[in-house]
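**Student:** In this note's numbering, the protein residues as written are 1 to 115. First the structure, then my questions, so here it is.
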């Protein structure tokens, strides 16, 4: 049974940094691409970052230069390093992967950027 579990979200001041983790079980991540999304209540889920099996990455314009997605296949974990955080980064952050033509999502981790 595939499970994705996000962690690392918390309250942080503007300008601060956080590292989110997405630990996978029931699958081997090195064979799959992963995405990080975020969602604010009342708005659509937004794609933030992508990483493929080769480590190639893409980012939303709003986070480019501030966020870095990475993966540690030995730990079966994908990361999202976030720096220079802004209040508009406040959201629930989710990781997702597509496996056997089915999307798997974690339950999310809350990031709140506020002074």
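Yeah, the Cβ is synthetic: ideal placement off N, Cα and C, and Gly gets one too. A quick note: this is a predicted structure, and the numbers were derived from the prediction, not measured.
What residues match up with residue 78 in a beta bridge as DSSP calls it?
**Tutor:** Numbered from its first residue, the chain shown carries residue 78 at position 78. Beta-bridge pairing links residue 78 to 22 and 71.
**Student:** Alpha carbon to alpha carbon, how far is residue 96 from residue 103? Give it in angstroms, no decimals.
**Tutor:** In the chain shown, the residue the question calls residue 103 occupies position 103. In the chain shown, the residue the question calls residue 96 occupies position 96. Residue 103 and residue 96: Cα-Cα distance of roughly 7 Å.
**Student:** Looking at the structure shown, is residue 29 part of a helix, part of a strand, or coil, going by DSSP?
**Tutor:** Counting from 1 along the chain shown, the entry for residue 29 is found at position 29. Correct three-state label for residue 29: helix.
**Student:** Alpha carbon to alpha carbon, what distance is there between residue 14 and residue 84?
**Tutor:** In the chain shown, counting from the first residue as 1, residue 84 sits at position 84. In the chain shown, counting from the first residue as 1, residue 14 sits at position 14. The alpha-carbon atoms of residue 84 and residue 14 are separated by roughly 7 Å.
**Student:** Between the alpha carbons of residue 114 and residue 22, how many angstroms are there, rounded?
**Tutor:** By 1-based counting over the chain shown, the position of residue 114 is 114. By 1-based counting over the chain shown, the position of residue 22 is 22. Cα to Cα, residue 114 sits roughly 23 Å from residue 22.
**Student:** What does the alpha-carbon distance come out to for the pair residue 59 and residue 5?
**Tutor:** One-based indexing of the chain shown puts residue 59 at position 59. One-based indexing of the chain shown puts residue 5 at position 5. Going by the C-alpha atoms only, they are around 21 Å apart.
**Student:** Quick check on the DSSP output: the beta strand (DSSP E) that includes residue 58 runs from which residue to which?
**Tutor:** Numbered from 1 along the chain shown, position 58 holds the residue referred to as residue 58. 57 to 59 is the extent of the beta strand (DSSP E) around residue 58.
**Student:** Output the boundary residues of the beta strand (DSSP E) element that contains residue 7.
**Tutor:** Locating residue 7 in the chain shown gives position 7, counting from the first residue. Residue 7 -> beta strand (DSSP E) spans 3 to 7.
**Student:** What's the gap between the Cα of residue 52 and the Cα of residue 9?
**Tutor:** Residue mapping note: residue 52 aligns to position 52 of the chain shown, counting from 1. Residue mapping note: residue 9 aligns to position 9 of the chain shown, counting from 1. Residue 52 and residue 9: Cα-Cα distance of roughly 23 Å.
**Student:** Starting from residue 97, follow its DSSP beta bridges and name the residues at the other end.
**Tutor:** Within the chain shown, the letter at position 97 stands for residue 97. Residue 97 pairs with 34 and 104.
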